[in-house]
Amino acid sequence: MIRFENVSKRYRGTNKPALSEVEFDVQRGEFVFLVGASGSGKSSCLRLILREDTPSEGRVVVLGRDLRSLTTRKVPYFRRHIGSVFQDFRLLPGKTVFQNVAFTLQVIGSSRAFIQQSVPEALALVGLEGKEKRLPHELSGGEQQRVAIARAIVNRPQILLADEPTGNLDPATSIDIMQLLARINAGGTTVVMATHEAGFVDQMQRRVIELSGGVIMRDERHGGYGDTSGLPTLAPETVKGAAATAALTAVLELQKQIASNGSSADAEQSWVDAAPTPPAPEPDTVLPAVPVVAPAPVDETFVPAPAEVEPAEPEVSAASRAEPDTGTRSTPIDSPEIDLASIDGLGVADRLGLGKRDDEEVGPTA
Ligand code: ADP
Ligand code: MG
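For what it's worth, the UniProt record's numbering labels the leading residue of the sequence shown as 1, then goes sequentially.
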């Protein structure tokens, strides 16, 4: 699903490469931590995956496409298959929660019916029902990041990239956000999360790719951060307990919501089991599949290569899959609700696949 082949990246005017001969392969459905100190090359990797940048050497293949061969015109369509979230949330300050999540869909021309269905689903998934009309400044940091995550997944991307998504949050809130990302992953979305925060990585026991000075130091299936003996513990026990309780409540709510779907996934049991205070889940309790796993609606302009179009996840019932957005396309540019100028300053348009980039033709070197 994501493959780096001997990738090096040198930025103009720098001597030391930001990435040196980086090689890894992420399979569909994986949850991968990209860890390493500040400056180790994590964000550079994510930018290459998004085709915000091109390697100086080597090849980046995403969704079966060699990104060198992706024409500039197709880049925005390609990016619609990839959601991204950032440390600084990047919400539109003058827009409500609902509008923040809806606006990506509006800009890409989703039908009103699709928006009216998908936005509340995404907000329910991230636990923000009832807060649709709030403005970002009326939310906590954790809630703002939830809005950003809802925005990133509302179009059902196949890949979710998160660049230090917990960097601005306190430990308990960070755990909630991590658990949300894990739940999204349990629904079938491939997640790559860059972080330099060791505690979460150790708790999650997921694949860890560690970078140091642009070089891969290790790539471990169920890794921790490495030697964390010198690091402070993530959070006091009481905070962990409260966070676990909140997370379990959220899962139970979600189970109720989609009980009629009859869908399930068993991937994310461990942190629920670890909750010390709430009643332990029944042994056969399974977490629901997140109802956003349906592949992103296929657009005519970017179609993932056939090798990447895999059979539907067996655990997801047809009923749990929202209808793909095949409705009539509105004319987004006419919509008075969309103020493209207002998003320019946030630097999110390109990441959301909305940008009209006029960069040079894609080539093997940048
Ligand atoms: P991380 O996300 O792990 O902190 P980055 O990928 O942002 O690391 O940066 C890796 C290295 O590349 C750092 O030395 C950084 O200074 C350098 N770098 C990142 N972006 C640029 C850029 N646009 N121009 C020049 N150097 C850059
Ligand atoms: Mg970074």
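All residues carry an ideal CB built from backbone N, CA and C; glycine is no exception.
Those residues which DSSP pairs with residue i across a bridge
{"i": "residue 82", "result": "159"}
{"i": "residue 14", "result": "DSSP, once it has assigned bridges, lists no residue as partnering residue 14."}
{"i": "residue 212", "result": "215"}
{"i": "residue 66", "result": "61"}
{"i": "residue 103", "result": "Residue 103 pairs with nothing; no bridge assigned."}
{"i": "residue 98", "result": "Per DSSP, none; premise fails for residue 98."}
{"i": "residue 220", "result": "208"}
{"i": "residue 190", "result": "159"}
Chain-order list of residues whose beta-carbon lies under 8 Å from that of residue i (same chain, five-residue window excluded)
{"i": "residue 6", "result": "21, 22, 23, 57, 58 and 59"}
{"i": "residue 334", "result": "In this prediction, residue 334 scores a pLDDT of 34, lower than 50, which makes its location untrustworthy; the coordinate-derived value is nonetheless stated afterwards. Closer than 8 Å at Cβ, skipping near neighbours: no residue."}
{"i": "residue 53", "result": "9, 44, 47 and 366"}
{"i": "residue 38", "result": "196"}
{"i": "residue 230", "result": "Reliability of the predicted coordinates at residue 230 is poor, the pLDDT of 44 falling under 50, and the value obtained from them is presented with this limitation in mind. Within the same chain, residue 230 has no close Cβ partners at all."}
{"i": "residue 137", "result": "93"}
Extent of the continuous beta strand (DSSP E) run through residue i
{"i": "residue 9", "result": "2-9"}
{"i": "residue 197", "result": "Note, residue 197: premise wrong, no beta strand (DSSP E); not H, not E."}
{"i": "residue 31", "result": "31-35"}
{"i": "residue 20", "result": "19-26"}
Other residues of its chain near residue i: CB distance less than 6 Å, five sequence neighbours each side excluded
{"i": "residue 217", "result": "210"}
{"i": "residue 16", "result": "none"}
{"i": "residue 40", "result": "211 and 212"}
{"i": "residue 214", "result": "17, 18, 19, 20 and 41"}
{"i": "residue 101", "result": "119, 122, 150, 151 and 154"}
{"i": "residue 67", "result": "51 and 60"}
{"i": "residue 3", "result": "25 and 61"}
{"i": "residue 191", "result": "31, 160, 181 and 185"}
{"i": "residue 193", "result": "33 and 162"}
For residue i, the first and last residue of its enclosing alpha helix (DSSP H)
{"i": "residue 151", "result": "141-153"}
{"i": "residue 48", "result": "42-49"}
{"i": "residue 108", "result": "No alpha helix (DSSP H) holds residue 108; DSSP gives it neither H nor E."}
{"i": "residue 89", "result": "Unbroken run through residue 89: none, as it is neither H nor E."}
{"i": "residue 120", "result": "112-125"}
Beta-carbon contacts of residue i that lie in its chain and below 7 Å, excluding the five residues immediately before and after
{"i": "residue 126", "result": "146, 149, 150 and 180"}
{"i": "residue 128", "result": "97, 143, 146, 147 and 150"}
{"i": "residue 219", "result": "24 and 209"}
{"i": "residue 141", "result": "168, 169 and 173"}
{"i": "residue 11", "result": "18"}
{"i": "residue 87", "result": "163, 164, 165, 167 and 168"}
Taking three-plus beta-carbon pairs below 8 Å as touching, is the region 74-89 in contact with the region 22-40?
Three or more beta-carbon pairs separated by less than 8 Å are not found between the region 74-89 and the region 22-40, which leaves the two stretches without contact.
Below 8 Å, can you find three or more Cβ-Cβ pairs linking the region 110-130 to the region 204-223?
Segments in contact, no.
Pairs of beta-carbons, one from the region 163-170 and one from the region 102-121, closer than 8 Å: are there three or more?
Touching, no.
With a threshold of 8 Å, are at least 3 pairs of Cβ atoms found where one atom belongs to the region 173-191 and the other to the region 199-210?
Taking 8 Å as the limit for Cβ pairs, the verdict is that the region 199-210 does touch the region 173-191.
Are at least three pairs of beta-carbons, each pair with one atom in the region 94-112 and one in the region 128-138, less than 8 Å apart?
The region 94-112 is in contact with the region 128-138.
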